[in-house]
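Student: With this note's numbering applied, the sequence shown corresponds to residues 38 to 237, in that order.
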Amino acid sequence: MNVKKWVISHFPTIRKSQTVGEALRKMREYACDYCIVLDENDKFEGVLYKSSIRESELDALVDEYVTFPDFYVVEDSNVEEAALMLIENRDQILPVVNNNAEVIGVLTVQEVLEAFTELSAMDEPGTRIILELPDKPGELKRVIDVLANNKMNILSILTLKDDGKRQVSIKVQCEDPETIANLLEIYEINYISIIEEEGF
38 MNVKKWVISH FPTIRKSQTV GEALRKMREY ACDYCIVLDE NDKFEGVLYK SSIRESELDA
98 LVDEYVTFPD FYVVEDSNVE EAALMLIENR DQILPVVNNN AEVIGVLTVQ EVLEAFTELS
158 AMDEPGTRII LELPDKPGEL KRVIDVLANN KMNILSILTL KDDGKRQVSI KVQCEDPETI
218 ANLLEIYEIN YISIIEEEGF
């Protein structure tokens with residue numbers, strides 16, 4: 038899934054030639070502690086953080102305090118890549134640009150968490166199955182085939198490598214955990230837990 042769906046498109050911008058006082062007013066207006074800095078052609082120039090101008094004169098130019106981030110993403114990047122960049126950079130925001138280097142928005146940890154909530158189908162009613170499978174080809178396919186052959190729509194699949202095995206979370210569009218448990222037992226598929234989720 039690309040980041041465009043979760044981008045915050047309402048964000049403060051300022052030019053390098055403007056003053057610290059103007060930047061602070063923008064931050065107050067948007068209730069945040071950063072501004073995206075643009076050049077005279079509206080191209081991405083960097084980020085201005087409140088922490089970097091706290092002791093500055095109000096009439097000082099923004100240009101002196103602009104930080105060009107090590108990380109930013111283009112609009113067709115996937116959300117997993119954005120999450121990795123936020124973790125590695127440990128920054129508050131991740132600018133999102135188009136192919137012309139124009140800023141179309143920003144991402145924060147909050148938006149990435151919302152994205153993963155949707156990717157895991159937490160927002161939809163259904164039942165989540167937690168399994169531990171051998172980490173080898175065909176093991177997950179066997180489970181998916183059983184669910185598909187029994188007309189169960191899969192809403193999400195997540196996997197995590199754990200000590201040579203795979204922890205697998207599968208959410209299906211079925212609100213009857215007992216039916217799923219019986220089905221897995223018939224096919225001798227061991228599971229850790231089966232939990233109904235209401236969604237939100």
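Even for Gly, the Cβ is constructed at its ideal location relative to N, Cα and C.
Residues in the same chain with beta-carbon distance under 6 Å from Ser230, minus the five sequence neighbours each way, listed in chain order, please.
Tutor: Ile167
Student: Report, in whole angstroms, the separation of the C-beta atoms of Glu234 and Met159, which I expect to be a contact under 8 Å.
Tutor: 7 Å
Student: In chain order, what residues of the same chain lie with their CB nearer than 8 Å to the CB of Lys63, ignoring the 5 residues before and after it?
Tutor: Once the five neighbours on either side are set aside, the close Cβ partners of Lys63 are Pro49, Thr50, Ile51, Cys72.
Student: Which class does Tyr67 belong to by DSSP, given the choice of helix, strand or coil?
Tutor: helix
Student: What does DSSP give as the partner residues of Gln210 in its beta bridges?
Tutor: According to DSSP, Gln210 bridges with nothing at all.
Student: So, for Glu176: in the same chain, excluding its five sequence neighbours on each side, which residues have a beta-carbon less than 7 Å away from its beta-carbon?
Tutor: Leu170
Student: Rounded to whole angstroms, what is the Cα-Cα separation between Leu95 and Glu148?
Tutor: 32 Å
Student: Cα separation between Glu225 and Glu125?
Tutor: 41 Å
Student: What would DSSP say about Asn39, mapped onto helix, strand or coil?
Tutor: In the displayed model, Asn39 falls within a strand according to three-state DSSP.
Student: Per DSSP, Gly163 forms a beta bridge with which residues?
Tutor: Glu234
Student: Within this structure, are the beta carbons of Leu44 and Leu144 separated by less than 8 Å?
Tutor: Just to set this straight, residue 44 is Val in the shown sequence, not Leu. The answer is yes: Cβ separation under 8 Å.
Student: Determine, using beta-carbon pairs with one atom in the region 95-105 and one in the region 53-61, whether at least three such pairs fall under 8 Å.
Tutor: yes
Student: To the nearest angstrom, report how far apart Gly201 and Pro174 are at their CA atoms.
Tutor: Rounded to whole angstroms, Gly201 to Pro174 spans 13 Å at the Cα level.
Student: Rounded C-beta distance between Ala152 and Met38? I'm assuming under 8 Å.
Tutor: That pair is a contact at about 7 Å.
Student: Taking the alpha-carbon of Phe108 as reference, which of Ser89, Leu131, Lys87 has the nearest alpha-carbon?
Tutor: Leu131
Student: How big is the Cα-Cα spacing for Glu66 and Thr164?
Tutor: 43 Å
Student: Can you give me the Cβ contacts of Cys69 inside the same chain, cut-off strictly under 7 Å, excluding the 5 residues immediately before and after it?
Tutor: If we look at Cys69 and ignore the five residues flanking it on each side, its Cβ neighbours are Pro49.
Student: Would Gly236 and Pro162 qualify as a contact pair, given that the criterion is a beta-carbon distance under 8 Å?
Tutor: With respect to the 8 Å criterion, Gly236 and Pro162 are classified as neighbours on the basis of their beta carbons.
Student: How about Ser193 and Leu221: do their beta carbons lie closer than 8 Å?
Tutor: no
Student: Need the endpoints of the beta strand (DSSP E) that Ser193 sits in, please.
Tutor: 191-199
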